[in-house]
Amino acid sequence: MSLAEEVDLLRGIPLFERMEPAKLKLLAISSDRVNFRPNAVMMNQGDDGDAAYVIMSGKGDVLIDTPGGEIKVAEIGVGQIVGEIAILIDVPRTATVRTEEGLTALKISKENFLRLLHGSPQVAVEIIRVLAARLENTNAQLREAVANKS
Amino acid sequence: MDRSIYGFIFRHSKAQQIFLLAITCAAFPFIYLQPDLVKRIVNDAIGGQVSDFPKEFLGMEFEQVGYLVLMCCGFLVIVLINGAFKYFINVSKGRLGERMLRRLRYTLYGRVLRFPQPHFKRVSQGEIIPMITQEVEPLGGFIGDAVAQPVFQAGMLVTFLTFIIVQDLYMGMAAIAMFPIQGFIIPRLQKRVNALGKERVRAVRRVSERISESINGIQEVRTNDASNLMRAEFASHLGRIYTIRYEIYHRKFVIKFINNFLAQFTPFLFYLIGGYLAIQGDLSIGALIGVISAHKDMNAPWKELLAFYQQYMDAKIKYEQVVEQFDPPGMLDEKLQLEEPASVPPIKPEAAVAAQNLTYQEDETTIPIQNLNLTFRADENLALVGAAGGGKDELAMLLPRLLAPTGGRVAIDGQDIKDWPEAYLGRRMAYVGPAAYLFSDSVRANLTFGLKHRPMAQPDMDEAATKARQERLAENARSGNSDEDFDDDWVDYAALGATGPEDADARLIDMLAHVDLTRDVYGLGLRGAIDPSASPKLAEGALEARSRLGARLDAENLRDLIEPYDPERYNDNASLAENLLFGTIVAGGLDLETLGDHAYVQKILNDNALTDRLLSIGREAAALMIELFADVEPGDPLFEQYSFIKADALPDYQTILTKTARGALDSLTEPERAMLLAMPFKLIPARHRLGLIDDEVRELVIKARASFRENLPEDLAGAIEFFDPKLYNAAASVQDNILFGKIAYGEAEGPETVGRILNEVVDELGLSGDIVAAGLNFQVGIGGSRLSGAQRQKIAIARALAKRPDILILNGAADAMDSRSRAALTKKVLAAAPGGVVWATSDTEQTAAFDRVAEVAGGRVVNVTGEEE
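Line by line, the protein sequences give chains Z and R.
Using our numbering, you'd call the opening residue of the first sequence number 739 and step up by one each time.
Using our numbering, you'd call the opening residue of the second sequence number 15 and step up by one each time.
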């Protein structure tokens with residue numbers, strides 16, 4: 739996959755969709771491409787996170803540890819991003835991600851991502867927009883849940 | 015040490031000086047024969063009357079022409095004899111001067127080794143070094159002249175003077191009339207010059223001291239923007255030297271002026287008085303001319319004498335100025351270092367080590383140790399604790415006599431250690447301070463430093479080498495230098511517990527284990543290059559490991575973690591430069607960074623139709639970089655990490671791009687082409703993923719790779735060690751030889767997995783010991799700067815353990831480590847030390863492992879815990 743394809747992939751992710759093309763290219767070029775073997779752990783719940791991964795090929799499972807054992811809560815595939823919270827704030831990983839088959843991902847390090855934000859306020863505004871939308875979405879779900887309960 | 019330079023000269027070179035004087039006098043008649051012969055040739059042989067011939071010479075008769083030939087041949091012989099004398103005298107003087115200089119330097123250096131420790135707080139290296147190296151240098155020249163020159167010149171002077179006096183007493187008086195005046199005035203004028211000379215020496219010392227301070231404090235200078243202050247200060251010191259020098263010149267030339275005037279005043283008297291007498295008829299003109307020419311001859315030695323006087327004054331100042339700096343009070347007695355005791359018995363385990371009424375006073379106000387009393391058994395493990403400045407550091411330094419007590423004593427088994435030869439203290443005791451110093455040598459040499467007290471064994475030598483060695487040592491002795499050969503093997507293997515060099519490494523590796531350093535040294539060995547002919551087992555083992563590693567990767571389906579070096583394939587995890595070179599650079603001439611600038615590389619590119627391809631790849635890469643980085647701040651770390659182009663070069667590349675917008679690469683200048691060519695050389699396809707290197711380029715590079723190797727010009731022969739799957743590459747590290755390929759980019763856990771398998775393979779093959787031994791060859795750098803602080807301290811402790819001391823004294827010796835590793839290390843060291851351990855530390859957690867703990871505060875032992883045995 740060439741740089742241009744990587745950039746297209748990144749643009750498909752809401753967090754990055756309104757970024758200028760040049761910035762997106764810079765993000766792609768400063769990110770490492772990482773191959774994971776089948777059944778490899780990409781991140782471990784509870785560990786400190788320092789990077790987000792954009793899946794370029796392959797599939798993986800998102801798992802959460804519960805007192806009753808590991809529960810699969812989602813599946814991820816090409817064009818999706820995992821671990822993006824970690825590149826915005828310092829929180830431990832909230833889930834474990836394990837590959838199902840061989841998987842290739844673009845590793846976006848927290849350091850490079852934040853540096854990019856410092857360099858261009860419009861990117862930061864975009865992020866705020868996306869996060870605000872997510873918050874609103876969560877609130878809506880919460881309202882709905884509360885309404886259903888009562 | 016002799017206080018005066020003539021004391022030094024006579025003590026060490028009386029015989030040679032007399033010999034030189036004798037030779038100088040022996041040469042004298044021949045010097046005067048030469049002009050005499052010339053006179054004979056002109057007057058007798060050429061200008062003589064026919065009636066004067068035949069002349070008789072040595073019982074033979076000569077006609078005029080024959081006589082001329084005889085005289086001319088005689089002239090030539092005299093010239094040769096004079097030349098030979100001159101040559102012999104000069105060489106003898108030079109040799110004498112050089113030997114004396116060597117002796118002086120050796121003596122001064124020997125004194126530095128005996129300086130009391132506190133003296134190093136007052137004098138800096140910057141002052142001491144130039145004294146031994148430069149300041150004494152001119153003395154060598156003076157010493158050769160010291161006796162022969164003044165005696166010879168004075169002799170000539172007296173000879174001529176006698177001649178004049180015999181001619182005419184009054185004329186003789188007149189000829190020397192000015193001498194007393196000169197003798198009176200000149201030394202007075204010279205006195206001030208001498209004082210200035212002394213001041214100049216001091217000023218120059220201050221300059222070198224300032225330079226050395228600036229170098230030691232360079233980080234402070236830079237981070238405080240103090241360079242301008244330093245420059246100004248330096249300028250003021252230079253100004254001081256200038257002022258002094260200028261005044262010296264001034265006065266020196268005034269002396270010269272007066273000298274010249276007085277010298278010419280005498281002929282003035284001759285002409286005036288002698289002329290008057292001649293006119294009056296009281297003196298014959300012939301006699302007057304004779305006297306004048308004799309005076310002229312006399313003036314030459316007189317001038318030489320005065321010049322010598324000035325040279326002497328110069329040398330005297332230099333000598334005295336240096337010597338007084340090398341005589342601080344409290345210096346260790348020379349005998350205690352030089353004399354080898356008949357035997358060095360161990361300190362008995364049950365011997366009492368006692369500090370009795372121990373006082374150490376640094377100056378009027380600083381008294382770190384006051385009437386301290388402490389007794390412990392030699393084999394006891396004792397911790398000295400207390401706050402900094404409480405005295406525990408000084409106590410730790412007083413025990414091995416690094417400091418000399420100003421009151422009381424340290425006694426071991428009832429004997430005051432004050433008079434112990436250093437052989438006891440340095441072999442039976444060990445000391446490791448907080449600033450563990452490593453010498454710029456290998457790890458091995460640093461570990462064995464504590465075992466090298468005297469030469470132990472001569473290396474095997476053939477007859478010629480033995481002779482050369484004897485001559486070298488004999489010459490050493492002539493200058494009073496050490497008669498011990500540095501090239502011998504000095505390591506005391508028995509003290510290490512080894513039988514010889516063969517099993518010494520194994521013992522040293524044990525020492526590394528005692529201080530938790532095995533892993534580190536293993537890493538150094540793995541990442542270092544070895545000489546396969548010196549370690550054939552490791553080189554062969556590495557090749558075996560190479561194939562085993564490959565097999566393991568295949569078996570575990572991990573082959574893609576390493577992309578091997580394959581002569582027929584392009585390595586996508588290596589740069590284009592590495593792909594083209596396909597080897598390791600051994601020596602100068604080539605450099606991976608600037609490979610494209612090399613003429614031969616350019617020729618290979620041209621021959622393989624690569625130049626234009628690479629230029630256009632370079633152009634594309636440059637265009638991309640400009641697009642990406644045009645509005646990134648120049649200081650942004652992104653530049654450093656991901657841009658191929660430095661921020662300040664971006665505009666230049668922009669110019670190139672504009673110029674070649676229509677694809678016309680021909681219009682580029684040479685430097686511009688080089689700039690573009692540099693880009694693709696850095697490209698690593700697997701890492702950069704720019705898609706600029708296509709399969710066609712890959713193939714061209716593989717072809718170019720082969721022709722690069724085949725056509726290698728002579729000046730590059732041996733500059734590259736090419737990759738060969740079947741051979742050990744001596745220029746590459748052991749690790750690279752085992753991997754024989756590039757660790758692939760972008761494999762999760764790739765390097766870790768490869769590292770793990772590599773270590774397993776190495777263990778399987780039983781190579782780890784050899785790799786640790788190879789690590790012992792690692793050069794630690796100046797002051798050990800290539801190692802971390804903790805590693806340096808560990809090596810220093812291992813060095814102390816290696817000599818298996820009866821008492822090991824550690825003074826803040828593990829301060830560069832964190833508290834946990836220090837605690838672990840303490841246990842290991844206590845277990846490994848063959849005798850007692852005294853450890854001064856401010857880390858109270860460390861003390862749990864000790865038999866007893868003594869708390870030192872206010873210069874006294876205030877509390878001792880732990881049972882007495």
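Ideal placement from N, C-alpha and C gives every residue a C-beta, glycine not left out.
Distance between I37(R) and F102(R), taken at the CA atoms: about 9 Å. For V829(Z), the nearest beta carbon of chain R is not closer than 8 Å to its own beta carbon. The C-beta distance from D568(R) to E577(R) rounds to 14 Å, too long to meet the 8 Å contact threshold. The contact set of P651(R) on chain Z, defined by CB atoms closer than 8 Å, consists of R853 in chain order. Straight-line spacing of the CA atoms in L346(R) and I225(R) works out to 30 Å. Bounds of any beta strand (DSSP E) do not take in S65(R), whose DSSP letter is neither H nor E.
For E498(R), the number of other beta carbons within 10 angstroms of its own is below 16, and it is reported as exposed.
Within chain Z, N773 have C-beta atoms less than 7 Å from the C-beta of E761(R), given in sequence order. With respect to chain Z, the C-beta atom of L671(R) has no partner C-beta closer than 8 Å.
Exclusion of the five residues before and after I179(R) leaves G186 as the residues of its chain whose Cβ lies within less than 7 Å of its Cβ. Residue pairing by DSSP puts A425(R) in a beta bridge opposite A368(R), D430(R). Spanning the alpha carbons of I262(R) and R220(R) requires a straight line of approximately 19 Å.
Using a Cβ-Cβ cut-off of 8 Å, L619(R) does not count as an interface residue toward chain Z, since no Cβ of chain Z sits closer than that to its own. Taking a beta-carbon distance threshold of 8 Å, G632(R) does not count as an interface residue toward chain Z. Boundaries of the beta strand (DSSP E) around F390(R): 383-391. Along the stretch 773-798 of chain Z, the positions whose C-beta sits under 8 Å from a C-beta of chain R are N773, F774, R775, A778, M780, read in chain order. As summarised for the stretch 130-185 of chain R, the continuous alpha helix (DSSP H) elements at least 4 residues long and confined to that stretch are 133-136, 139-144, 151-159, 162-181, given in chain order. A direct Cα-to-Cα measurement between I23(R) and E364(R) gives close to 52 Å. For H612(R), the secondary structure class from DSSP, reduced to helix, strand or coil, is coil. M345(R) carries a coil assignment under DSSP once its states are collapsed to helix, strand and coil. For the pair G514(R) and K817(R), the CB atoms are not nearer than the 8 Å cut-off.
The Cβ neighbour count for P694(R), taken over all protein chains shown within 10 Å, is at least 16; the residue is labelled buried. In the DSSP secondary-structure assignment, S456(R) is bridged to Q793(R). Taking 8 Å as the cut-off, the beta carbon of M525(R) is found no closer than this to the beta carbon of L595(R). Within the stretch 687-717 of chain R, contact with chain Z at the beta-carbon level (separation under 7 Å) is assigned to R703, L704, G705.
Counting only runs of 4 or more residues that sit fully inside the stretch 480-527 of chain R, the alpha helix (DSSP H) segments are 507-510, in chain order. Counting only residues of its own chain and dropping the five nearest sequence neighbours on each side, R775(Z) has a CB closer than 8 Å to the CB of T837, G840. For F282(R), the closest of H309(R), K270(R), R265(R), L297(R) by C-alpha to C-alpha distance is H309(R). The contact set of L741(Z) on chain R, defined by CB atoms closer than 9 Å, consists of L638, H702, R703, L704, G705 in chain order.
Bridge partners of N782(Z) according to DSSP: none are assigned. For A29(R), the number of other beta carbons within 10 angstroms of its own is below 16, and it is reported as exposed.
The beta carbon of G111(R) sits closer than 6 Å to the beta carbons of G154, G155, I157, G158 from its chain, once the five residues preceding and following it are set aside; these are given in chain order.
Contact annotation: F42(R) and P164(R) have beta-carbon atoms that are not nearer than 8 Å.
Look at L642(R): its C-beta is under 8 Å from a C-beta on chain Z. Our two residues, D857(R) and A845(R), have alpha carbons roughly 19 Å apart in a direct line. For Y656(R), at least one C-beta of chain Z is nearer than 8 Å to its own C-beta.
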